[in-house]
Structures are given as C-alpha cells and as structure tokens.
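Chemist: Per my numbering, the sequence shown starts with residue 106, numbered consecutively.
All C-beta atoms in this analysis are idealised placements derived from N, C-alpha and C, irrespective of residue type, glycine included.
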Amino acid sequence: SGTGIYKTCADAPPSAPSCLTVGAVKDTFGIGEFEITVSQYVTFLNTVDPDGKNVRQLYDDHMNPTVWPKYGSIGYSSSAASGKHYSVAYPEWAQKPFNFGDFRRGAEFVNSLFNGTVLSKTQSSSGTFKYVTYKVRLSPKTERGMYDMKAETPTRSASTGFVLPSNDEWVKAAYYDPKH
106 SGTGIYKTCA DAPPSAPSCL TVGAVKDTFG IGEFEITVSQ YVTFLNTVDP
156 DGKNVRQLYD DHMNPTVWPK YGSIGYSSSA ASGKHYSVAY PEWAQKPFNF
206 GDFRRGAEFV NSLFNGTVLS KTQSSSGTFK YVTYKVRLSP KTERGMYDMK
256 AETPTRSAST GFVLPSNDEW VKAAYYDPKH
C-alpha cells in the first residue's frame, strides 16, 4: 500500500493499470495561488455583460439563490442598471471559490484578463517560492485573447499571458518540490 504517487514509473510497483506520467512541463510557469472568487466572477459578469443579456451563457440559473437556495451564490436582476445585473447573493459567498466553472467560462474569464489592463504587478517571495500579484482591469472582450472561442476546441494562442492551467501544469504546481 502507499500513495500511488512515485517520482518515476521505474519506482512504481509492476501492476495494472500501467504507470501514467503526469506533471511534466518543460517551461517555467506561474499558477494562481487561489481560486477565482464569487466576487471576482460577479465583477467579470458585469464587465463582459453590462446589459445582463447572458448571450454567451456565462451565467447559469443554478448560480441563482432563488433557483438553488443552498448553493446559488450569484443573484441576477433584469431591472438593474447597466453593469449591475449580477451580484453576490449573500456576503458570505463573496470570497468563496466560484463553483460553477467549466472550460468555456474559464477561457472567457482568461480572455478578459488577457485583454485587460494590468494596473499593478507586485513581486514577493516566501522561502524559495517567488510570487507575482497582478491587479487587472478586466476587458469586456472575451471571444478572442488567449483562446479563440469560435474554435470548436479552443487552444492557447500565445506563449505568455494568463491561461487556464493544463492538467500537467496543475499537477506539477500541486506537487512541486523545489529541492528536486
């Protein structure tokens, strides 16, 4: 018995299924330390959909507390002023992770960041880890940026910038040990 996580396939015991190598990423990259919060997603919705029309389906009725009282974290009001149609349902949700994401919503959020204006970039470190904190004014442009949303399977279009982490990037970041 063990964790099932080994440094190399040679270290893994011979058994089915065969060893799968994950987390191999040759390039240096940074990954967000925290999830996107409900408050941040509300800001995104009001930026990219100021009229509250939800043309790109970035808002789902299950997000609404009147539809799903237990987990609905984002309210919607059709009669609100421009750029105010979406709101944090209850203050307790504001800093909680946004919980209705999928690839398309995430890619459009990333495009809003990618096309946005970096207002500040602060570098810091903790031990051997280096951090960069960005403050970004989101862009209303979400159809093109890091991802072309008109493509059947959107992929990265630039070598640098904000992205959704790949599975390998996420695994490497989750298990990264700077000593190895």
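Using alpha carbons as the reference points, say which of E138, D156, C114 and R249 lies closest to E274.
Modeler: The shortest Cα separation from E274 among E138, D156, C114 and R249 belongs to E138.
Chemist: Check for me: the alpha helix (DSSP H) holding R161 runs from which residue to which?
Modeler: Segment: none, R161 is in no alpha helix (DSSP H) and carries neither H nor E.
Chemist: Give the straight-line distance between the Cα atoms of Y176 and F203, rounded to the nearest whole angstrom.
Modeler: Cα-Cα distance, rounded: 10 Å.
Chemist: For Y195 and N169, what's the separation of their Cα atoms in angstroms?
Modeler: Cα to Cα, Y195 sits roughly 11 Å from N169.
Chemist: Are the beta-carbon atoms belonging to K226 and V237 less than 8 Å from one another?
Modeler: In contact: K226 and V237 (Cβ atoms closer than 8 Å).
Chemist: So, helix, strand or coil for T148, using DSSP?
Modeler: In the structure shown, T148 sits in a helix (DSSP, three-state: H, G or I).
Chemist: How long is the line joining the alpha carbons of V160 and S187, rounded to whole angstroms?
Modeler: Cα to Cα, the separation comes out at about 15 Å.
Chemist: Start and end of the beta strand (DSSP E) containing K76?
Modeler: Absent from the model: residue 76. The displayed extent of the chain is 106 to 285, so no value can be given.
Chemist: Do you know how far the Cα of Y280 is from the Cα of G109?
Modeler: Each residue's Cα considered, the two are about 13 Å apart.
Chemist: Kindly indicate which residue of T265, F205 and H167 has the alpha-carbon position closest to the one of N220.
Modeler: Cα-wise, what sits closest to N220 is T265.
Chemist: Tell me, which residues are paired with Y191 by DSSP?
Modeler: Y181, per the DSSP bridge assignment.
Chemist: Looking at H190 and G211, is the spacing between their C-beta atoms short of 8 Å?
Modeler: No, the Cβ-Cβ distance between G211 and H190 is not below 8 Å.
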